[in-house]
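>
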Amino acid sequence: MTAMHQQSAAASAPSDVSAPPSHAACASGDGGTLVLAAAATGALVLAGCAGGGGGGGGGDDSGPAGPPPAVLAFTAITVIASSTGDLAINGAAAPAGSRQLDLDGSAERPADPGLGGPLQAYAVAITETGAATSRADIVVEINPAQAVDLASPAVARIRHLYARTAFGPREDDLLRWANLPYARLVDALVDGAASGPSQAPPSWAGTRVIPWSEIAAYTPEQQEALNDWKSEAIQEMYAWWIREMITGPQPLAERMTIFWTNHFVTNAGDLFSPQTSWRYLTVLRANCVGNFKDLVWEICRDPAMVLFLDSDSNVKGRPNENFARELMELFTLGENLGYTEADVVEVARCFTGFGNTPEQLFRYRNNRHEEGSKQVFGLPAFNFYDAADETSGMADGRQVVDHIFTLVDGAGRNRVGLFIAGKLWDEFVGGNRDQAVIDAWAASFAAGGFAIAPLLKTILLSPSFTAATNRGSLVRSPVELHVGIRRSVRLEPENYNGLYWLMAQEDQALLNPPNVRGWIGGTTWIDTRTILGRREHLRWLGWEWYNDGDQRIPERLDALLPTLWFAGGPYDLAGAESNLPGWDPRGGRIRNLLVDHGIHLK
Amino acid sequence: MAISAITVRLHGAVAPDITEVQITAPGAATPTVIATTTSRAWTHDLAVPDGSVTIAVTAVGPTRQETRAITVRGPGAGLTAAG
Chain A
1 MTAMHQQSAA
11 ASAPSDVSAP
21 PSHAACASGD
31 GGTLVLAAAA
41 TGALVLAGCA
51 GGGGGGGGGD
61 DSGPAGPPPA
71 VLAFTAITVI
81 ASSTGDLAIN
91 GAAAPAGSRQ
101 LDLDGSAERP
111 ADPGLGGPLQ
121 AYAVAITETG
131 AATSRADIVV
141 EINPAQAVDL
151 ASPAVARIRH
161 LYARTAFGPR
171 EDDLLRWANL
181 PYARLVDALV
191 DGAASGPSQA
201 PPSWAGTRVI
211 PWSEIAAYTP
221 EQQEALNDWK
231 SEAIQEMYAW
241 WIREMITGPQ
251 PLAERMTIFW
261 TNHFVTNAGD
271 LFSPQTSWRY
281 LTVLRANCVG
291 NFKDLVWEIC
301 RDPAMVLFLD
311 SDSNVKGRPN
321 ENFARELMEL
331 FTLGENLGYT
341 EADVVEVARC
351 FTGFGNTPEQ
361 LFRYRNNRHE
371 EGSKQVFGLP
381 AFNFYDAADE
391 TSGMADGRQV
401 VDHIFTLVDG
411 AGRNRVGLFI
421 AGKLWDEFVG
431 GNRDQAVIDA
441 WAASFAAGGF
451 AIAPLLKTIL
461 LSPSFTAATN
471 RGSLVRSPVE
481 LHVGIRRSVR
491 LEPENYNGLY
501 WLMAQEDQAL
511 LNPPNVRGWI
521 GGTTWIDTRT
531 ILGRREHLRW
541 LGWEWYNDGD
551 QRIPERLDAL
561 LPTLWFAGGP
571 YDLAGAESNL
581 PGWDPRGGRI
591 RNLLVDHGIH
601 LK
Chain B
603 MAISAITVRL
613 HGAVAPDITE
623 VQITAPGAAT
633 PTVIATTTSR
643 AWTHDLAVPD
653 GSVTIAVTAV
663 GPTRQETRAI
673 TVRGPGAGLT
683 AAG
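In the order they appear, the protein sequences are chains A and B. Counting from 1, one number per residue, gives the positions in the first sequence under the working numbering. Counting from 603, one number per residue, gives the positions in the second sequence under the working numbering.
Structure representation (structure tokens):
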């Protein structure tokens, strides 16, 4: 979806969309308080909340608020030496053989330069005094220039893992894991993805959605104000998520959540209900490496999905097959795999009565549920409907999900396992599928009760994934490209919504896939239009990060940039070193690296 | 007589939200987890080698992690030199 499409989708509020609660709504981004005329439900107060919550304002042009406090600092060095003679350390007597050197910021002992700061070396001379004459000189370096062995196979594998699963590595990712077993890194990445986000939710996240019946009583000015608020809140949600990708500690969680938004597709611009899309995003993120069967059942009852696939109109006597078809075709089994058109109708009957309240919360209504027997996939008929139990018919939907996860193909392979293992192969391994490997992954996925984390670990530890021949062979999505480059050097954009717009221009508007099938990905990310857009946007980034008055990338990272930004290396490193006469060589190199074609690969 | 062994004790501090400090040294299969004091300070002793060694110090918190590198360069074989 293009940004233009996104804007038009956001501007045309469909009749079934929701509105923000009166106490939380914002009319504009100026922070002022606006009281609208009384509506049917009383005065609608649009109190100043332009700043929004969770660190981002409506429209979010604020950017980073300055350097964060030091997470980790070195404060002193104590040198302890053993000798039978008397010792002096840096000229001062050390009768106990030791001396503490505080990094006090003096000329002799400069303070810790901090993360990303320049190399700081502290020289220490240890001498025996008296009759002895021996001496030992040592040097302690903070932020050493060559802390990462770029030629190390371990570093190459770490870089590959981060490029495919976490937008790309940072220097400290390489530092931290270079000496540890690869399996331990995989465990840390996957297990960490179950953690919650680092930011607080937007202030409006849990607020009530105003029913359309109430909105209908608003004046045109009130409705316009509500629509403005919704647009700003949706932008704030985009900014929140991209900020989490760039600065958050669990990049695989965001990466997997993107994957699931492209699997269980909805469209935030079309829904135009920020609270509903936020809830959907939260469900996907919370379950991103959880249990796939549980996630499917969550999605069956997710208000955003209910809205997007018209589940509300799926009622007895008038089944709407939208959700039923996508449940099997796109969510669990694959197109025309293991189900028939008759199954689509029957599954739709099982989900009759699933819908939303006017406030866009999920609700099941038994009086809208098909009362008769249901039969799917040739399995025994069932019917959990009971007129006396108002939630009874929901069990028909649950029975469908349970049945789907038991289906096997002619070779006895679990169909859901095959479908998801194959999609994860495409997502993380790429290239021609090795069906024998996928079969094994599918079998272990099913045997493990469809737990996603163990399957992910199996994939990321497999030779299919780690093979050196598999590196730098896939195309980065626009989000992987822009988030990865910024994350690697810890530089947030000045305007998150501007970054969202750039990525939308390159055909990846987060939370707004182009259709229910999602982005195709792979080489389709690149065409004659998007490659020019990518190059132009990266050229802008080069100027933003490095010009005469603003040199934002720490110089000590210069040697690492090709490692951080390129999975397979630049095509033209020599070209990256060249420059036009009169240009600053460093800035020219950074800009040339950013527009090298190799940067688009992972 | 000669200087027979040298140890560098690193002193540091972490932000209040940091829950763990990990030290990773070459050849270690697992990081060394070191405790922080109530004042958020920590220390770690590092034997100075003949050549050089680089360790990674990682601060781990619920919402952020940061890794810094430290290299210690020893005086060379034998640790002693005529002064």
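Cβ coordinates follow ideal geometry from the N, Cα and C atoms, glycine included.
1) Hey, could you find the ends of the alpha helix (DSSP H) Gly192(A) is sitting in?
2) With 7 Å set as the bound, which would you pick, yes or no: does the beta-carbon of Arg642(B) sit closer than that to a beta-carbon of chain A?
3) For the alpha helix (DSSP H) that contains Thr563(A), what are its first and last residues?
4) Kindly indicate the opening and closing residues of the alpha helix (DSSP H) around His646(B).
5) Output needed in chain order: residues of the stretch 219 to 249 of chain A with a Cβ under 9 Å from some Cβ in chain B.
6) So the alpha helix (DSSP H) Asp439(A) belongs to, where does it begin and stop?
7) Report all residues from its chain with a CB closer than 6 Å to the CB of Gly168(A); omit the five preceding and five following residues, and keep chain order.
8) List the residues of chain B that Phe606(A) touches, going by C-beta distances under 9 Å, in chain order.
9) If the criterion is Cβ atoms closer than 7 Å, does the pair Trp606(A) and Asn262(A) meet it?
10) Closer than 8 Å by beta-carbon distance: list the chain B residues that pair up with Ile77(A), in chain order.
11) Is Ile636(B) close to chain A, meaning its C-beta is less than 7 Å from at least one C-beta of that chain?
12) Taking only runs that begin and end inside the stretch 304 to 342 of chain A, name each unbroken alpha helix (DSSP H) of 4 or more residues, in chain order.
13) With a cut-off of 8 Å on the beta carbons, I'd call Gly598(A) and Gly569(A) a contact; round off their distance for me.
14) Counting along the chain, where does the beta strand (DSSP E) carrying Phe354(A) start and finish?
15) Please state if the CB of Val186(A) and the CB of Lys457(A) are separated by a distance shorter than 7 Å.
16) Give the secondary structure of Tyr122(A) by DSSP, where H, G and I count as helix, E and B as strand, and everything else as coil.
17) My output table needs one value for Val635(B): the three-state DSSP class, helix, strand or coil.
18) Are any of the Cβ atoms in chain B nearer than 7 Å to that of Ile452(A)?
19) Suppose the cutoff is 8 Å on Cβ atoms and the five residues either side in sequence are ignored; what does the same chain contact list for Ser654(B) look like?
20) Just reading off the beta strand (DSSP E) that His403(A) is part of, what are its end residues?
21) Which residue from Gly317(A), Asp439(A), Cys350(A) and Leu189(A) puts its Cα closest to that of Leu460(A)?
22) Could you tell me whether the Cβ atoms of Leu175(A) and Glu668(B) are closer together than 7 Å?
23) Can you check which of these residues, Leu564(A), Ala92(A), Arg476(A) and Ala154(A), is closest to Pro628(B) by C-alpha distance?
24) When you compare the CB positions of Ala593(B) and Ala637(B), do they come within less than 7 Å of one another, or not?
25) Alpha carbon to alpha carbon, how far is Gly206(A) from Gln275(A)?
26) Under 8 Å, with one C-beta from each stretch per pair, do the stretch 427 to 438 of chain A and the stretch 338 to 352 of chain A reach the 3-pair mark?
27) Along chain E, in chain order, which residues have C-beta atoms closer than 7 Å to that of Arg176(A)?
28) Kindly list the residues whose CB is nearer than 6 Å to the CB of Asp584(A), restricted to its own chain and excluding five residues on each side of it in sequence; keep chain order.
29) Could you check how far apart the C-beta atoms of Met256(A) and Ala183(A) are, in whole angstroms? I think they sit under 8 Å.
30) Please report how far the alpha carbon of Ser641(B) lies from the alpha carbon of Ile77(A), in whole angstroms.
31) Out of Val289(A), Asn320(A), Leu511(A) and Glu254(A), point me to the one whose CA is closest to Asn267(A)'s CA.
32) With DSSP run on the structure shown, which of helix, strand or coil describes Thr466(A)?
33) Give the DSSP-derived three-state secondary structure of Thr219(A) in the structure shown.
34) Could you tell me whether the Cβ of Thr639(B) comes closer than 7 Å to any Cβ of chain A?
35) Who pairs with Phe382(A) in a beta bridge, going by DSSP?
36) Output the boundary residues of the beta strand (DSSP E) element that contains Ala75(A).
Quick answer:
1) Tyr182 to Gly192
2) no
3) Leu561 to Trp565
4) That residue, His646(B), is in no alpha helix (DSSP H); its beta strand (DSSP E) goes Ala643 to Ala649.
5) Thr247, Gly248 and Pro249
6) Gln435 to Ala447
7) Tyr162, Gly484 and Ser488
8) Nothing can be reported for residue 606(A): it is not among the residues displayed for chain A, which extend from 1 to 602.
9) No answer is possible for residue 606(A): the residues shown for chain A start at 1 and end at 602.
10) Val610, Arg611, Leu612 and His613
11) no
12) 322 to 326
13) 6 Å
14) Phe354 to Asn356
15) yes
16) strand
17) strand
18) no
19) Thr673, Val674, Arg675 and Gly676
20) Run containing His403(A): none in the beta strand (DSSP E); it sits in the alpha helix (DSSP H), Met394 to Ile404.
21) Leu189(A)
22) no
23) Ala154(A)
24) With chain B represented from 603 up to 685, any question about residue 593(B) goes unanswered, as that position is not in the structure.
25) 7 Å
26) no
27) No chain E is present in this structure, whose protein chains are A and B.
28) none
29) Actually they do not touch by this definition, with Cβ atoms about 19 Å apart.
30) 18 Å
31) Leu511(A)
32) helix
33) coil
34) no
35) Lys374(A)
36) For the sequence presented, residue 75(A) should be read as Thr rather than Ala. First-last of the beta strand (DSSP E) with Thr75(A): Leu72 to Ser82.
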